[in-house]
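Down below is the structure, laid out as structure tokens.
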Amino acid sequence: MSGKNIVQKILESHNIEQKPIEEYQPDDPIFVRVDQCITQDATGTMAWLEFEAINIPEVKVPLVVSYIDHNTLQTDYRNADDHQFLRTIAAKKGAILSRPGNGIIHQVHLENFAAPGKILLGSDSHTPTAGGVGSMAIGVGGLAIASTMAGEPFELKYPYVVKVHLTGKLNRPWVTAMDVILELLKIKGVKGGIKSIFEYSGPGLKDLTAPERATITNMGAELGATTSIFQSDNLTKHFLKAQGRENDYIKLVADKDAKYDEVIEINLSKIEPNVALPHSPGSVVKIRELVEKTPIEEILKRFPEKVHKHLIEFVGRLYERDLQIDQSCVGSCTNASYLALAITASILKDQKIADNVSMTVSPGSKNVYTQIAKEGLLTDMIDAGARILESACGPCIGMGQTPPTKGLSVRTFNRNFFGRTGEKTAGAFLMSPASAALIAIKGKFVDPLKEKTIKPEIFEEPYKFITSKNMFIYPPTDKKTRDSIKIIKGPNIEDCPLNEPLPSKLVVTTLLKTGDDITTDDIMMAGSKVLPMRSNIPAIAQFVFNPIDEWFVIQAKKMNPEQKRRVFAVVGGSNYGQGSSREHAAIAPMWLGLGAVIAKSVARIHRDNLIQWGMLPLEFSDPDDYERIDQLDELVIGDLDKFQPGINIVTIENTTKGFNFKTQVNLSDKEISMLINGGALPLVKSKVNH
């Protein structure tokens, strides 16, 4: 019998079934107990409303932390009302609350709670950040979080395990961990991690600190991966000790003879500064290639045709402007650790940001903010002309710092989807903090490896971080006090809607047909206009598919004036629903009348969210059938009372065109029960209360 990889070791130690871990095959359901759950306020308000609806007195997971980091602008009462609701329900139900301003969920959790060998679920797609310290950290929808907090085991499709073998050393200071994950995206693309967990190994690990590893696991979400994970070793121990948490350390490494489904080799020494072009994290080239003005035709050859339009537009615009940019933003849950901001400050020291550039910096946590202030690094950035923002998600999710019309923005974030900046005509280029800081000074794209005058310092991790806990609110320990707490709900907070039990047959109209790689941002946009409505499904439903079809909601209401369930379908291409874990991209369309998504493939988290809310995520058995369906075609989906565990073939009749086609969906027993009952909420509520 061969040895075990890290993924197998963690799953084995958390498996609630008696089946040996070696007997599981990819896609088999496995049920595990969960050690930690985290939420953030954009997805967390709904998750906590769902938990409240389940109606049990307290959370049943050892550690639950509710973070407030998305809606911190508080431009009106709605954000403050959400914060008040989250504070009071956390106190009543036994969760820790991280106050607004304490920092970004994943950076703060990495510093304070993430631990090797644990299984962590988060209502945010970048939860895998904690994989940097050896946690198996998975992003899921809010209802999955609510169910888990209620004591349900978590059902996971057993993953393929991909070994990423790292050798060599980074060409510091200009090549960073961000360039490593961009290199992997260059190799695998935004679909290359589907159904997989990426496990990093090799001698190159010695060159990556825990926060740098977390940068890599964070953006593994853009690969479509279930999660990513590093071993827990002496560098992990150093980080945890510096955070005052040495007792959380355990050594966790793969056995020498561990088996993997795929192996990818990356030599860190050969990586150059990379950049992801608008509007996909997978459209990665070397910064040097843009500086050399590599012909657009050469760049197009590397990427699928569906992204060519954007590449022609934005690379062309960059070349026309002689590589000049308008904005540089450093921060986000990907690149806002101490080391990320230290290198930024070192580059900006005694320099001046170019006149044509507006630069912002968002520290990842209040403790990082305090650390860089104490060491004088904050002053270096301010003196150079950087604008220092609150420790929050901010511009990464479109909450402020929108670029100008047709603007070009370089950002250290994880996503550059269409419209995500808040301006549909603008383009975001994703890169490392070192590259973004240098380009802010120069005012244009330059090759960092050819920089002669600016020589930044190479920083090491502190032996002792500032570790204030003042921004956490801990729940009362005695039941009497908790029982006396009143949950406060403002007028914008609505109860979560419910679906209806699944009938044996659906008759639906194709209301929308989309292309490939439709994101949850396309389905339910983020940004300052919409985020305050996350607690109010009827209100936020008015923006469904707004970025790609401004008439969608009008047509949905016209087709479904009585607000019935399961009236229409959406037909999609491959990787439908990629991106954020926001379950609003499932709930709001459900509220309008969505019954089924029929696509070439559906991204993992969105697929799960659809099932959690009682909708069908069907995939074409023959992808060519996608071409045969048009908007407004009537579809009859039958035999929905005959689902069995495993792969189900579902035949659909297109009554408009007069032909049948086959789709498929792989379901577990639990998922079948969810669909039959109209979603997970009535199922879990019935189970835990009886």
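For what it's worth, the numbering used here labels the leading residue of the sequence shown as 45, then goes sequentially.
For every residue, glycine included, the Cβ atom is placed at its ideal position computed from N, Cα and C.
Who does V646 pair with in a DSSP beta bridge?
Y620
According to DSSP, is G438 part of a helix, a strand, or is it coil?
helix
Minimum C-alpha distance to L665 - residue among Y68, T699, M403, F705
Correcting the residue type first, residue 665 is Ser in the shown sequence and not Leu. The option with the nearest alpha carbon to S665 is F705.
Quick test of your reading: I502 and P217, contact by CB under 8 Å. State the CB separation rounded to the nearest angstrom.
5 Å
N- and C-terminal bounds of the beta strand (DSSP E) containing V401
V401 -> no beta strand (DSSP E), and no H or E assigned at all.
Ordered along the chain, which non-local residues of its own chain (more than five positions away) have a Cβ less than 6 Å from that of L422?
I416
If you count every other CB in all the chains shown that lies within 10 Å of the CB of V307, and 16 or more means buried, which is it?
exposed
State the Cα-Cα distance for the pair G722 and I649, rounded to the nearest angstrom.
18 Å
Enumerated in chain order, which unbroken segments of the alpha helix (DSSP H) with a length of 4 residues or greater are wholly contained in the region 64–150?
85–98, 121–137
Tell me whether the beta-carbon of P477 lies closer than 8 Å to the beta-carbon of T220.
yes
Quick one: what does DSSP say V574 is sitting in, helix, strand or coil?
coil
Check the C-beta distance from A139 over to V103 and give it rounded, since I have them as a contact under 8 Å.
6 Å
At the 8 Å Cβ level, is L154 part of the contact set with chain B, yes or no?
Looking for chain B here will not work: only one protein chain is present.
Where the alpha helix (DSSP H) through S390 begins and ends
382–392
Same chain, Cβ closer than 7 Å to T699, neighbours up to 5 away in sequence not counted
E678, V680
Considering only their Cβ atoms, is the gap separating S579 from T119 smaller than 8 Å?
no
Please state if the CB of A254 and the CB of F509 are separated by a distance shorter than 8 Å.
no
Assumed close pair I148, S409 - CB separation to whole angstroms, cut-off 8 Å:
7 Å
Give the DSSP bridge partners of R455, in chain order.
C373, L474
Go to N291, then tell me how far its alpha helix (DSSP H) extends in each direction, as first and last residue.
N291 -> no alpha helix (DSSP H), and no H or E assigned at all.
For I50 and I182, I'd like the C-alpha separation in whole angstroms.
15 Å
Residue from G438, L93, A632 with nearest C-alpha to K137
L93
Which residue marks the beginning of the alpha helix (DSSP H) containing G166, and which one marks its end?
Looking at the DSSP string, G166 is not in any alpha helix (DSSP H); the run it does join, the beta strand (DSSP E), is 163–166.
Who are the Cβ neighbours of I65 in its own chain at under 8 Å, not counting the five residues just before and after it?
K48, Q52, L55, E56, N59
Just confirm the distance between the C-beta atoms of E199 and P106, as a whole number of angstroms; I'd bet it's less than 8 Å.
That pair is no contact at about 19 Å.
Hey, quick one: how far does the alpha helix (DSSP H) through E364 stretch, first residue to last?
352–364
By a C-beta neighbour count over all protein chains shown, 10 Å radius and 16 as the cutoff for buried, is F129 buried or exposed?
buried
Where do the ends of the beta strand (DSSP E) carrying T553 lie?
550–557
Check for me: the beta strand (DSSP E) holding G690 runs from which residue to which?
690–698
Thinking D126 and T89 are a contact (beta carbons under 8 Å), I'd like their distance in whole angstroms, please.
5 Å
Residue of L654, I294, D713, R626 minimising C-alpha distance to D85:
R626
Which residue marks the beginning of the alpha helix (DSSP H) containing F596, and which one marks its end?
596–603
Taking a contact to mean a Cβ-Cβ separation below 8 Å, would you say M569 touches P317 in this structure?
no
Should S624 be counted as a contact of the ligand GTP given a C-beta to heavy atom distance under 7 Å?
As presented, the structure is devoid of all ligands, the ligand GTP included, so that no description of it is given.
I'd like the span of the beta strand (DSSP E) that includes S675, first residue to last.
What sits at residue 675 in the sequence shown is Gln, not Ser. That residue, Q675, is in no beta strand (DSSP E); it is neither H nor E in DSSP.
Backbone CA spacing between A583 and T87 [nearest angstrom]:
15 Å
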